[in-house]
Every structure is written in C-alpha cells, then in structure tokens.
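Notes to accompany the following structure.
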Amino acid sequence: MTKYTPPVQGKFGQIVDVIVLLVMTIGALYVPLWMGLAGSAHTSSVPENPTWESLGQNPVMVEKWNQLGYADPASAAELITARFDYSFSVGSLLMMIIVIVGYYAIILRFSENEYREVISEKFGGK
Amino acid sequence: MTDFDITSKTIDGIGPHGAKIGLLRVLGPAHVWALGVGIVLVGEYMGWNFSVGKGGAFAALIACWFAGILYTCVAMIDSEVTSTVAAAGGQYTQAKHIVGPLMAFNVGLYLVFAYTMLEAANAITVGFLMDTVANMTGHEGLDQRPFIILAIMFLAWLNYRGVLATLTFSLVITAIAFSAIIILFLFTSPLLGSDVLQHQALMTDLPYGWLGVLAAMHFGLWYYLGIEGTTQAAEEVRSPARALPFGTLAGIMTLLIAATLTWYVCVGLMPWEYLGQAGVPLFDAARLSGSTFLMVLLGIGTLFATLASANGCINDASRAWFAMGRDHYLPSWFGAVHPKYRTPYRSIIFLVPIALVFALGAPLDQVITFSILSGLLEYTFMPINVIMFRKKWPLDTIKRGYEHPFHPIPAIVLLSLCGITYFAVFLGYGTQLVAMIAFYIVVSLWFHFRRYRFVRRAAQFTMPWPRPQGY
Chain P
55 MTKYTPPVQG
65 KFGQIVDVIV
75 LLVMTIGALY
85 VPLWMGLAGS
95 AHTSSVPENP
105 TWESLGQNPV
115 MVEKWNQLGY
125 ADPASAAELI
135 TARFDYSFSV
145 GSLLMMIIVI
155 VGYYAIILRF
165 SENEYREVIS
175 EKFGGK
Chain L
2 MTDFDITSKT
12 IDGIGPHGAK
22 IGLLRVLGPA
32 HVWALGVGIV
42 LVGEYMGWNF
52 SVGKGGAFAA
62 LIACWFAGIL
72 YTCVAMIDSE
82 VTSTVAAAGG
92 QYTQAKHIVG
102 PLMAFNVGLY
112 LVFAYTMLEA
122 ANAITVGFLM
132 DTVANMTGHE
142 GLDQRPFIIL
152 AIMFLAWLNY
162 RGVLATLTFS
172 LVITAIAFSA
182 IIILFLFTSP
192 LLGSDVLQHQ
202 ALMTDLPYGW
212 LGVLAAMHFG
222 LWYYLGIEGT
232 TQAAEEVRSP
242 ARALPFGTLA
252 GIMTLLIAAT
262 LTWYVCVGLM
272 PWEYLGQAGV
282 PLFDAARLSG
292 STFLMVLLGI
302 GTLFATLASA
312 NGCINDASRA
322 WFAMGRDHYL
332 PSWFGAVHPK
342 YRTPYRSIIF
352 LVPIALVFAL
362 GAPLDQVITF
372 SILSGLLEYT
382 FMPINVIMFR
392 KKWPLDTIKR
402 GYEHPFHPIP
412 AIVLLSLCGI
422 TYFAVFLGYG
432 TQLVAMIAFY
442 IVVSLWFHFR
452 RYRFVRRAAQ
462 FTMPWPRPQG
472 Y
C-alpha cells in the first residue's frame, strides 16, 4: 500500500482546531445547562404549616435535623418532600436506546475502516 | 509464544514515538495505588450520597455493591490490556491499537471530560467545605471562588513541576483521608462501645420501590469512578506489567471496603432525605457523632480527599490530552514534554481554564453527572475492547503481564451493568445523556472528516506486536 503522507498543519490551522474543539467542548457541557435541559427532574410538595409528624419524621430523625441546623419543620420541609420524577414514555426510552446504539455503531464502523488502513500500511498488504 | 514480550525489561513496547525526551520512569505500585485510590476516594467524601437521594438508603447500598462488581470487571479487563499496552493515554492508546483511530479519539475525550469534570467537582467541594466551616465559626457569606481557583492553580503547578512529587503528595494525603474513614467507623461503630449509630430509627423502606434501586446505580458509580485512571501512569512506572495490575486491583479492594464503611456510618447518623442532598456527607456524619476530634479529622479528610482527587485528575486528563496531541489527533503543540521537569506541561496548562469554567459556573450534581456519563461511555467501550483484543491477538500470540480469568464473562457482566446504568441515568437525567451523546457524534464527524487527515497512518501503531489476526 502507498504510504499516506499527511499535510503539515500550520500554526493558524492548529489554533482554529483548538478553538473549534473548545467551543464544542464548552458548548456540549454548557448548552444543556443554559437551555435548562440538564439536571434532574424533581417534584416537591410542601404541605401548609408542616409538622415533623406530617413530614413522616420520628423523634430520632427530628433530633438529627435539629443537630444539622434545621430547628423547625418548615425549614426542612422542602428537603424532606423533594422527590425525583421517574415517569417516562416508552418512546423516549426507545429514543435513548437508538441514540446510544447508533453512536457506537457509527464509531465502530468508521474506526474499522481507519484501522484497516493503519494495519495495511504498518504491516504491508497481504 | 512469539518474541513479542511486553514484560521484557529491554523491549517494553513503550516507544515514545522516537522522541528524544520521554516521560520520567520513577513510579512504583504504591504510586499506582495512590493515583487510583487518590482520584476515587473523594467519591466516599461527596457525591455517592446522591444515590441515596435517587433510591433511598438500601438502594444506595445495593448500588454500591453492583457498582463494585462493575468496577471489578473494569479493573480485571483493564489490568490485562494495560499490562500489555503500557503507554501514556491509557485506554486511549488501547483503543488506538485494538479498535481504531475514531474510537481512540472518542475514548481520549471521555478520559479528559471525566477527569476534568471530576477535578471541577473536587474544587467545588473545597469551596463548599470552606463555606461550611466558615458558617460554623460565625463567618457567614464566605466567597468560595478564591478557594476553588487556588486549589486548581496550586495542583496544576504541582503537576507542572514533576510527576514524582505530585504522586508522592497524593500518596500521603490519600493515606490520611482513607485512615480518617476507618477511624470514623471505629469510633462510631459498636465495636468500641459507641451507640451513636441509629440505623433502626433512621432507615426507611425503599421510597421509590425497586425502580429507585435501578436509578441509584447512576450515582453508585461515583463510589469508584476514576480507578481506571491508573493506566495513565503507564509510561512513568518502572515496571508496568507488575505495578499496574497490582496497584489497580489493590485499589478496587480498598475502595470496596471504604465505600461500604462510608455507607454504614452515614445512614446510621442522618435521615436519608438530608443525606441524599448533602454536599459533604462524611463531614456531616462526623459533626453528628458529637466528637470535635472526629469533626476536625473528617474536615481534614474531606479537604485532602478532594485535593488528592483533583491532583490525580489533572495528572490523568493531561496525559490523555498529551497523548492525543503526540499522535496529531489534536494539534501537535500539545504533544510536548517539558525539557526540565519531563511533564506534559502544555496539556496541563491548557486544561486549567476549562476546569475553572465548570468549577465556577455549574452546579455540583450536574458536573458530577457529566463526569459519570463520560466514564460510562468509557466503560461501555472496555468490553468491546477486550473481546476484540483477545480475538485479534489470542493468548498465545502476545505475552500479557496479567491475564484476567473467566473471559468473556467479565466483559458480558460489564456490558450488562453499563446498560442498567444508562437506564439509571435516563431516570432523571435523560436529556443530559442524549445531549452528551449528540456532542460525541458531532465531534466524531469532525474528527473523521477533518482532523484525521493530519494523522500519519502506520505511525499510530507503536506496539511491537505481530499483525492482528483477520487483517
């Protein structure tokens, strides 16, 4: 196989690639945050005038809340009643499965093509 | 058996691409243990407790053990491949030799993201701890940002100056942080006559049922995330074939013990609703024990654990970035070694502002989720990697420093547990999961269609191995 000679990348090109990578990196992590798509799906139902009993806390738990700095039930009510929302649709689950499997399928397919080229050049054609 | 012996002391397959200056080989098994445990131990000091929030106390324990099985598979598989592909970049270099360039590029990014986000999470915790201590001493309204910046800058400087000092520092502070957990357990458990633990009164049924147990696997990974980072030291250990498997497997055993003890103490001291959202749960546990000595010790332990972890993360992320630069997967400017300190100094410096951006601007649970997602994608790659490794180079073609038993059972178990964990992340953080994978698809297309043209083909394959079977 003919040996592949890559072009030499100039400084400007290197800087551009770094900027592109930086934008993609920070974008990937921050865009979901900015769009409010990141983070957990939470619900919270704080009762009016909560008491330790209505929040389901026994005397030992109340003692611990007090030691942790929550002197009255109202201050701890939001923490105690916070719950994750685990409801989901089959469609969204299937979408996630397709995205993950599709991602690995693309990666493995492209990698295989590139890998054959590497092995062929390294060890010579069969 | 062929002549390709990776355990040879004269030909170890770690050719630094003809570079005149290579990384310095000064580390032993204890440093490898410290690197692995040092990165991860902070997971016992913060973050693991979000699994209590996702499924309750019992769910967190089940998640702890199942995540332990997941990481035992990771350690077994990783030890075999790493003892053979002993080069900086760890799993990135493995992927390059076994699966292909695009997979390697993705794995390199998983590593950099997982570690840089973990570093950011550590810095956030340092700031949070300082704020908690300030509040307890009557100094409310402390600005956490200087502590976050100082922690990252100091550790980056330490990494810049040399790997031996960096990992020796980690070894000492990791040992102290680990001892603090053991001491907390001994002083609060009935073994020494204490009666402060009140599991019966504080533990409840599963608040979300068995669905919560599945969901808890998400943050269950945090007990151990980063142990696979031991492979990043491959070019800097004196004996990779011995030190890497030994250090990694000893590390996972240490963490299994520490994770179980941490869970036991914490759920016996605070209500699950608080524990599931606490910023520094072990420090809180020490506060609730009523002992000033334990409170000070666990405060120091939290600080040391976060510093050791951030230290290891800078070490690992910079090695992965450096390795990709050296192969031209990234601009080759990053592939430079410092002429005096022999460290990948440009990569170390470049990653500092990225860590700062996230440490100063994103909430802790979301930074942790970013880190976990990158780790999870990496663990999904590992079973694929080891199955292809055994197929392309069966046991009689290359001598391994370590051969993991029962192949392919660990690979199948690991893949199954990864599937469960994807579902766990999907429960509550599904959008973030899809957004992250969308990023990896876009960046993969960028690499395949643009960046890869600058990469020499055969030069990527640096191991002294025979031709892979089937090619």
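Protein sequences, first through last, are from chains P and L. In my numbering, each residue's number is its place in the first sequence (first place is 1) plus 54. In my numbering, each residue's number is its place in the second sequence (first place is 1) plus 1. The beta carbon of each residue, even a glycine, is placed where N, CA and C say it ideally should be. As the structure is a prediction and not an experimental result, all values here were calculated from the model.
| query | result |
| --- | --- |
| Whole alpha helix (DSSP H) elements within the region 141-216 of chain L, 4-residue minimum | 146-162, 164-189 and 200-203 |
| Neighbour list for P/L162 in chain L, Cβ cutoff strictly below 9 Å | V100, G101, L103, M104 and I385 |
| L/M47 versus L/T169 - alpha carbon distance | 23 Å |
| Three or more C-beta pairs below 8 Å linking the region 111-118 of chain P and the region 138-147 of chain P | no |
| Burial state of P/K65, where buried means 16 or more other Cβ atoms lie within 10 Å | exposed |
| 7 Å Cβ shell around L/T1 - same chain, five flanking residues per side excluded | Limits of chain L in this structure are 2 at one end and 472 at the other, which puts residue 1 of chain L out of reach. |
| Buried versus exposed call for L/I22 [16 or more other C-beta atoms within 10 Å across all chains shown] | Note that L/I22 has pLDDT 47, beneath the 50 cutoff, so the model's placement of it is unreliable and no number is given. |
| For L/V338, three-class secondary structure by DSSP | coil |
| Sufficient close CB pairs (3 or more, under 8 Å) joining the region 146-156 of chain L to the region 270-287 of chain L | no |
| Interface flag, L/G54 vs chain P, CB-CB below 9 Å | yes |
| Residue-level contact to chain P via CB, L/Y453, 9 Å cutoff | yes |
| Three-state class that DSSP yields for P/R137 in the structure shown | strand |
| Reduced DSSP secondary structure (H/G/I, E/B, other) of L/H32 | helix |
| L/H449 (DSSP reduced to helix, strand or coil) | helix |
| Alpha helix (DSSP H) runs wholly inside the region 344-403 of chain L, at least 4 long, in chain order | 346-362 and 365-393 |
| P/T105 (DSSP reduced to helix, strand or coil) | coil |
| Where L/V444 meets chain P, residues with beta-carbon distance less than 9 Å | L75, M78, T79 and A82 |
| Cβ of L/S333 within 9 Å of any chain P Cβ | yes |
| Delimiting residues of the alpha helix (DSSP H) encompassing P/H96 | Run containing P/H96: none in the alpha helix (DSSP H); it sits in the beta strand (DSSP E), H96 to S98. |
| Where L/V456 sits in the DSSP three-state scheme | coil |
| Helix, strand or coil at L/V86 according to DSSP, with G and I counted as helix | coil |
| Contact list for L/P469 against chain P, beta-carbon separation under 8 Å | I173 |
| Min CB distance L/F440 to chain P below 9 Å | yes |
| L/V297 (DSSP reduced to helix, strand or coil) | helix |
| Nearest candidate by alpha-carbon position, reference L/I373, set L/L289, L/V41, L/V173 and L/L298 | L/V41 |
| Whole-Å CB distance - L/W322 paired with L/L308, under 8 Å assumed | No, L/W322 and L/L308 are not in contact; Cβ-Cβ is about 21 Å, not under 8 Å. |
| 8 Å Cβ shell around L/L415 - same chain, five flanking residues per side excluded | L71, C74, V75, I78, Y380, M383 and P384 |
| Supposed close pair L/A68, L/V368 - CB separation, criterion 8 Å | Actually they do not touch by this definition, with Cβ atoms about 19 Å apart. |
| Boundaries (first-last residue) of the alpha helix (DSSP H) holding L/K97 | Q92 to I99 |
| Inter-residue Cα distance where the pair is P/V153 and L/A105 | 20 Å |
| Coil, strand or helix - L/V108 by DSSP | helix |
| Identified DSSP bridge partners for P/V85 | BP columns for P/V85 are empty, so no partner. |
| Three-way DSSP call (helix, strand, coil) for L/V281 in this model | coil |
| Contact set between P/D71 and chain L, taken where Cβ atoms lie within less than 7 Å | P332 and R452 |
| C-alpha gap between L/I15 and L/H140, whole angstroms | With a pLDDT of 37 at L/I15, under the threshold of 50, the modelled position of this residue cannot be trusted; read the value that follows with caution. Their Cα atoms are separated by approximately 53 Å. |
| Alpha-carbon to alpha-carbon, L/R458 and P/E171 | 7 Å |
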